[in-house]
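Numbering (our numbering), first residue to last: 13 to 349.
Here you go:
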């Protein structure tokens, strides 16, 4: 089968950083689906793994943790899907990625694809939807429903992949006042269109920008980027006994700064369930099915930013380069081999 992989961690402008190769087709295990990959999207995790995880000498590492495709075959213990089903999922970091014509994945972390979307539009959703859903409802413990609790959410990086779906979930499914951050006119307009009540500029001090926008403080923060850089401002922006959730990888985080206000810190890492095969791993199946229903009902919309064409090494190198620039808006998708 065709696949895109790398043999050494190299800068993305090196033609060898991602290569078109041929690999043997995978075989489904007992709880696995064998999926014919139709479309993928690219995430910051792809660039981080490529830069920091060198394959064993002589072996190729395949990236890609957002897939939409068709079930080709099922393992002996599969009960949730059958051959021919259209599916979408984000896979597991402990297994090969989905940048290949065929891919195997545990059925418990797979959802039925939204009926109203094509493969490229569906591929934009799984990783960011799982991350946003778990962050909002499980880590920050926000309740679904429109009963006003006087709560507010500051989303740092509201126009990025996770921010684009988190903004929609918070606005459509909760009573939160949603304040997004974005630094350019086009990304600010994107965040507003997705439902943010207000958008402030995160290139300015955040607590000052909040005050200027008429928001003294917020009850919750979702810090999706540059947490280390913004920490003092986030502590200032949070009400006493507020909650701070983050998904990025700060080199250092002085949590003692949270003590005076009794602020709580919450990490969201959507691969925890698949990595450790937790007893509630199937919750990702359920939440992806719920996201699909919300898409088909028109409550949520896909977050495709740009379509980069066919799934090949050249186009994936372009996608990685854009993500590494920090200027991506929404999700980058690729479709077909």
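Don't be surprised by glycine CBs; every beta carbon is placed ideally from N, CA and C.
In this structure, the beta-carbon distance from residue 164 to residue 206 does not fall below 8 angstroms. Here DSSP, grouped into helix, strand and coil, assigns residue 328 to helix. For residue 136 and residue 146, the gap between their C-alpha atoms comes out near 17 angstroms.
Going by DSSP, residue 28 is part of no beta strand (DSSP E) at all; its letter is neither H nor E.
DSSP places residue 60 in the helix class (H, G or I) of the three-state scheme.
According to DSSP, residue pairing for residue 123 in a beta bridge involves 100.
With respect to the 8 angstroms criterion, residue 121 and residue 337 are not classified as neighbours on the basis of their beta carbons. For residue 204, the secondary structure class from DSSP, reduced to helix, strand or coil, is helix.
A Cβ-Cβ separation of about 15 angstroms leaves residue 53 out of contact with residue 307 under the 8 angstroms criterion.
With respect to residue 100, residue 80 sits close: the two C-beta atoms are nearer than 8 angstroms.
Here residue 240 carries a helix assignment [DSSP, helix/strand/coil]. For residue 339, the three-state secondary structure derived from DSSP is coil.
Distances from the alpha-carbon of residue 225 to those of 71, 210 and 215 put 210 closest.
The region 177-189 and the region 213-224 do not touch, with fewer than three beta-carbon pairs separated by less than 8 angstroms. Residue 240 holds the alpha-carbon nearest to the alpha-carbon of residue 261 among 240, 140 and 40. Selection 155, 195 and 152 evaluated against residue 168 yields 195 as nearest (Cα-Cα). Membership of residue 294 in any beta strand (DSSP E) is not indicated, and neither H nor E is assigned to it by DSSP. Under a 10 Å Cβ-count criterion, residue 272 is classified as exposed, with fewer than 16 other Cβ atoms of the shown protein chains found around its own Cβ. In the three-state reduction of the DSSP assignment, residue 235 falls in the strand class. Nearest to residue 214 by alpha-carbon distance, out of 90, 181 and 249, is 249. Per DSSP, residue 106 has no beta bridge partner at all. Residue environment analysis places residue 56 among the buried positions, since at least 16 neighbouring C-beta atoms fall within 10 angstroms of its C-beta. Shown here, residue 269 sits in a helix according to DSSP, grouped into three states. Looking only at 302, 333 and 346, the smallest Cα-Cα distance to residue 22 is reached by 333.
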